[in-house]
Amino acid sequence: MVGFGEVDLAKPLAEDTTQKLSDKLDEYGIEVVQNQKSILVQKIKDAIVDMVFNEENTVNVKSSVYLAEKLDHSYGYLANLFSEVTYTSIENFIILQKIEYTKQLILKGNLSLTEIAFKLNYSSVAHLSTQFKKTTGITPSSFQRIIKKRKELNS
210 MVGFGEVDLA
220 KPLAEDTTQK
230 LSDKLDEYGI
240 EVVQNQKSIL
250 VQKIKDAIVD
260 MVFNEENTVN
270 VKSSVYLAEK
280 LDHSYGYLAN
290 LFSEVTYTSI
300 ENFIILQKIE
310 YTKQLILKGN
320 LSLTEIAFKL
330 NYSSVAHLST
340 QFKKTTGITP
350 SSFQRIIKKR
360 KELNS
């Protein structure tokens, strides 16, 4: 049976067959996850990506509530498991995803930093800028200037 991001096999594959399949899928950027903890962590990551990259911006609840409801586990359990498996916190992963989305939105060039901050539920542009600089080493404004210069050079 195949579901979104999941495949249930009628019988287990031999270890060498599993490795060959994993290697082939890896060529396409698809990771094979086999243990239950890793599967739940991947579901947490997928839920966070859905939450952050939500174009309609309909996810306005706290991330802890959103994840607990979506994955039907307490947030404490999810947070502990995530940290145990990934060696980072859910909060840090959310920040990284928000910064990646911010970069994409800056690249598109059709939203101001104020609009981006609002879209990603930041309390202010200053808060977004602080997290952006802490994560990337440059401010969003500097990133915008770099992108603008790169586009000018490519024209």
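Numbering (my numbering), first residue to last: 210 to 364.
Quick reminder that beta carbons are idealized off the backbone N, C-alpha and C, glycines included.
Quick one: what's residue i bridged to in DSSP?
i, result
"Val270", "Answer is none; Val270 lacks a bridge partner."
"Val250", "Beta-bridge pairing links Val250 to no other residue."
Please go through the same chain and pick out, in chain order, the residues whose beta-carbon is closer than 6 Å to the beta-carbon of residue i, but skip the five residues on each side of it.
i, result
"Gln365", "No statement about residue 365 is possible, as the shown extent of the chain runs from 210 to 364 and does not include it."
"Leu322", "Val334, Pro349"
I'd like the span of the alpha helix (DSSP H) that includes residue i, first residue to last.
i, result
"Asn363", "349-363"
"Ala326", "322-328"
"Val294", "284-295"
"Ile303", "299-317"
"Ser231", "224-235"
"Gln340", "334-345"
Verify whether the separation of the beta carbon atoms of residue i and residue j is less than 8 Å.
i, j, result
"Ile253", "Leu234", "no"
"Leu320", "Lys307", "no"
"Leu287", "Ile299", "yes"
"Leu316", "Ile325", "no"
"Leu337", "Leu290", "no"
"Thr190", "Phe352", "Outside the shown range of the chain (210 to 364) lies residue 190, about which nothing can therefore be said."
"Tyr310", "Phe262", "yes"
"Lys246", "Val294", "yes"
"Ile302", "Ile239", "The amino acid at residue 302 is misidentified as Ile; the sequence shows Phe. For Phe302 and Ile239, no; Cβs fall outside 8 Å."
Which same chain residues end up closer than 7 Å to residue i when comparing Cβ atoms and leaving out the 5 residues on each side of it in sequence?
i, result
"Ser231", "Val241"
"Tyr284", "Ser273, Leu276, Ala277"
"Lys342", "Thr348"
Please find out if some non-hydrogen atom of the ligand HEM comes closer than 7 Å to the beta-carbon of residue i.
i, result
"Gln228", "The model depicted lacks the ligand HEM and carries no ligand whatsoever."
To which residues of the same chain is residue i closer than 8 Å at the C-beta, ignoring the five residues directly before and after it?
i, result
"Ile365", "Past the boundaries of the shown model lies residue 365; the chain is included only from 210 to 364, so the question cannot be answered."
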